[in-house]
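Novice:
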Amino acid sequence: MILGGQGKGQDFRPLRDAIQKYVKNVILIGEDAAIIEQAIQGTTIIQHADTLKAAVELAQTVTRVEDVVLLSPACASFDMFKSYNDRGHQFVACVNALNENKN
């Protein structure tokens, strides 16, 4: 799961149970990565990436064919992107770039 961005002062602890139950790896990005890490520490493997591209590339190295990489930021996008749409489009572009590099 790729998680993070610019929080709005929310409490990230409610994410703990779902992450612990369903998520193999969390890759944190964005301004509030350290705050999120504090809230979810001990639930699963937590890693950091400086950019969304780096997060997608890191996700590729820690997943298997049957795994799913979910972009579920739980935060606003304005620390790294123009908008949430921009963030989504960039995620798709990063994934597509990985597929192009395979060919």
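Residues 0 to 102 (numbering that gives the first Met the number 0) make up the sequence shown, in order.
Glycine included, every Cβ here is placed at the ideal spot set by N, Cα and C.
These figures come from a predicted structure and were not determined experimentally.
Between which two residues does the beta strand (DSSP E) carrying residue 70 extend?
Specialist: Walking along the sequence shown from the start, residue 70 turns up at place 71. No beta strand (DSSP E) contains residue 70, which DSSP labels as neither H nor E.
Novice: Exposed or buried, what is residue 85 when buried is set at 16 or more other beta-carbons lying within 10 Å of its beta-carbon?
Specialist: Within the sequence shown, the letter at position 86 stands for residue 85. Residue 85 comes out exposed.
Novice: Residue 53 to residue 5, Cα distance in whole Å?
Specialist: Working through the sequence shown from its first residue, we reach residue 53 at position 54. Working through the sequence shown from its first residue, we reach residue 5 at position 6. When rounded, the distance between both Cα atoms is 18 Å.
Novice: Inspect the beta-carbon positions of residue 62 and residue 55 and report whether they are closer than 7 Å.
Specialist: The count along the sequence shown starts at 1 and reaches residue 62 at position 63. The count along the sequence shown starts at 1 and reaches residue 55 at position 56. The answer is no: Cβ separation not under 7 Å.
Novice: Does residue 25 pass the burial test, meaning 16 or more other C-beta atoms within 10 Å, or should it be called exposed?
Specialist: As a position in the sequence shown, residue 25 is number 26, starting the count at 1. Looking at its Cβ environment, which holds 16 or more other Cβ atoms inside 10 Å, residue 25 is buried.
Novice: With distances taken from CA atoms, which of 39, 41, 64 and 29 is nearest residue 47?
Specialist: Here the question's residue 47 lines up with position 48 in the sequence shown. With distances taken between Cα atoms, residue 47 lies closest to 29.
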